[in-house]
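Protein chains in written order, with the numbering used here: chain A, 1 to 14; chain B, 15 to 271. Ideal placement from N, C-alpha and C gives every residue a C-beta, glycine not left out. All values derive from a computational prediction rather than experimental measurement.
And the structure:
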């Protein structure tokens, strides 16, 4: 199974 | 008071065409630095960051920081009314809920102004740290667009692998699989035709081709594209906007469980 990461998994909210 | 005059108005037209498929509504931020935008797609998988530096405008007046919410489809409709050679000026008064796009033909014989309603947009702003990337590939933007288009007729995802052999774009689907390898090539007539690979360490990441294809809408802006990869970060696909700024697309990878 291959999962799509989201940007919030990497970057933080300002 | 905001007044931004861009002699090469076609750049703004191309910028809108590059981002309107990915993002529906966005806040354009004006400050002393320049005209910028940061917006994510609705699923928070991809992000576009635009910067047009103030020095790139013939006239740049921004009395105080201003954030203007716009529907990008509507901006695109307005800008499509500008000729490719037109000078475009953006104007907004403090506290106004509209922005005016003024189009001047090169010989000043036609001047048009289009006023557009602004909108309130709650947007999340992500902090994107400066990062070291494992590999940076610079290649002709048309070549990258062709690869993304070709691979999307075979599969839904692309594996981008950088080794000392070159950069490999791979996909697989129901009908079969495909691999395209681009090697470093600096022995070309024009610098923009070169493929340059800077690799600190090998990297291999999987991405949704649908998003990559959407990023390639920026191809008319620049002859080259830069793809920055790191196993711990979203990929960055960057197109320069003349010598005044850039559009950067960030895309989160797909990861095997």
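Proximal residues of chain A, C-beta to C-beta of residue i below 9 Å
i                      : result
residue 148 of chain B : Ordered by position in chain A, no residue passes the 9 Å Cβ test against residue 148 of chain B, which lies about 15 Å from the chain.
residue 220 of chain B : 2
residue 270 of chain B : 1, 2, 3
Below-7 Å beta-carbon distance, residue i vs any chain A residue
i                      : result
residue 142 of chain B : yes
residue 53 of chain B  : no
residue 138 of chain B : yes
residue 61 of chain B  : yes
residue 266 of chain B : yes
residue 73 of chain B  : no
Segment limits, alpha helix (DSSP H) that includes residue i
i                      : result
residue 155 of chain B : 155 to 166
residue 226 of chain B : 223 to 229
residue 29 of chain B  : 24 to 33
residue 89 of chain B  : 86 to 93
Exposed unless 16 or more other CB atoms sit within 10 angstroms - verdict on residue i
i                      : result
residue 214 of chain B : exposed
residue 164 of chain B : exposed
residue 38 of chain B  : exposed
residue 151 of chain B : buried
residue 46 of chain B  : exposed
residue 41 of chain B  : buried
residue 167 of chain B : exposed
residue 95 of chain B  : exposed
residue 245 of chain B : exposed
residue 118 of chain B : buried
residue 125 of chain B : exposed
residue 248 of chain B : buried
residue 145 of chain B : exposed
residue 112 of chain B : exposed
residue 262 of chain B : buried
For residue j and residue i, believed in contact at Cβ under 8 Å, the rounded distance
i                      : j                      : result
residue 266 of chain B : residue 21 of chain B  : Actually they do not touch by this definition, with Cβ atoms about 37 Å apart.
residue 268 of chain B : residue 3 of chain A   : 6 Å
residue 120 of chain B : residue 237 of chain B : That belief does not hold up - the Cβ atoms of residue 120 of chain B and residue 237 of chain B are roughly 24 Å apart, past 8 Å.
residue 25 of chain B  : residue 232 of chain B : Actually they do not touch by this definition, with Cβ atoms about 11 Å apart.
residue 61 of chain B  : residue 53 of chain B  : 7 Å
residue 149 of chain B : residue 211 of chain B : 7 Å
Chain A contact residues for residue i, given Cβ-Cβ distances below 7 Å
i                      : result
residue 247 of chain B : 10
Range of the contiguous beta strand (DSSP E) that encloses residue i
i                      : result
residue 70 of chain B  : Where residue 70 of chain B is concerned, there is no enclosing beta strand (DSSP E), given that its DSSP letter is neither H nor E.
residue 43 of chain B  : 39 to 44
residue 97 of chain B  : Run containing residue 97 of chain B: none; DSSP gives neither H nor E here.
residue 130 of chain B : 125 to 131
residue 260 of chain B : 259 to 265
residue 112 of chain B : 112 to 118
residue 204 of chain B : Note, residue 204 of chain B: premise wrong, no beta strand (DSSP E); not H, not E.
residue 59 of chain B  : Premise fails: residue 59 of chain B is in no beta strand (DSSP E) and is neither H nor E.
Cutoff 7 Å: residue i Cβ touching any chain D Cβ
i                      : result
residue 131 of chain B : No chain D appears in this structure, whose protein chains are A and B.
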